[in-house]
Amino acid sequence: MDRVRKIVVTAGIVALMAGGAVALFAQSAPGRGPGRDAAPLGPGGRAGRGFDAGFALGQLNLSDAQKHQVRDIMQRHRQQMQPTMQRLQEAMQTERAAINQVPVNEAAVREASATLAKVQGDMAVEQARLHADVFNILTVEQQEKAKQLEAQAQARQQERRQRAPRQPKQPV
């Protein structure tokens, strides 16, 4: 079940980055303000800050030129990631089908899992390229702040893990 959860979380992150990234820094239309038809995860939205490319971009005080560059980078990478996202979805479905097959076909499960792992690796490389492209348009000060925000986010995540250790699921 842990592997399935990891896959679902990975797919969710990928979908969030690829699907909603462009909207996060789009300029607000006239009459739109915080909480009024703003992007749900972008500046002024319910989350209050935009997270993309591994950064809390909404907290980095990007210039208008940087926001435009981020939009362009996100659009380009979203187009580049589409085939990999499709392969990821297909690999996840194939693995799920192999796992659910009765009687168990260990070779099919291993093959499907290996294929999924390769596609996840491909997606990780694409995400790393996206991260690097966005990071490179930041000023030195913004890069330092991004690193601090990332460290804080990791510390919070570690703290949550320690507070609520996962209980093994009981077989039904």
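Going by the working numbering, the first residue of the sequence shown is number 1496, and it counts up by one from there.
A virtual CB, placed ideally from N, CA and C, is assigned to each residue, including glycine.
Legend entry - Boundaries of the alpha helix (DSSP H) in which residue 1594 is found, first to last residue: 1559-1595
Inset, instruction - Determine the closest residue to residue 1589 out of 1611, 1601, 1566, with distance taken between C-alpha atoms. - result: 1611
Inset, instruction - Please confirm if the stretch 1588-1607 is in contact with the stretch 1645-1654, defined as three or more CB-CB distances below 8 Å between the two stretches. - result: no
Legend entry - residue 1555 beta carbon less than 7 Å from that of residue 1640: yes
Legend entry - Span separating the alpha-carbon of residue 1564 from that of residue 1632: Approximately 8 Å, taken between the alpha carbons.
Inset, instruction - Quick one: using the 10 Å Cβ neighbour count with 16 as the cut-off for buried, is residue 1586 buried or exposed? - result: Buried, since its Cβ has 16 or more Cβ neighbours within 10 Å.
Legend entry - Nearest candidate by alpha-carbon position, reference residue 1575, set 1598, 1621, 1645: 1621
Inset, instruction - Check each candidate in 1646, 1624, 1637, 1634 and name the one with the smallest Cα separation from residue 1568. - result: Nearest of 1646, 1624, 1637, 1634 to residue 1568, Cα basis: 1624.
Legend entry - Span separating the alpha-carbon of residue 1487 from that of residue 1578: Here the chain has residues from 1496 to 1667 only, and residue 1487 is not among them.
Inset, instruction - Go ahead and label residue 1635 buried or exposed: buried means 16 or more other beta carbons lie within 10 angstroms of its beta carbon, across all protein chains shown. - result: exposed
Legend entry - CA nearest to the CA of residue 1607, picked from 1626, 1619, 1584, 1562: Nearest of 1626, 1619, 1584, 1562 to residue 1607, Cα basis: 1584.
Inset, instruction - Return the CA-CA distance between residue 1570 and residue 1642, expressed in angstroms with no decimal places. - result: 24 Å
Inset, instruction - List the whole-angstrom C-beta distance separating residue 1582 from residue 1604, where the pair is believed to meet the contact cut-off of C-beta under 8 Å. - result: Not a contact, Cβ separation roughly 19 Å.
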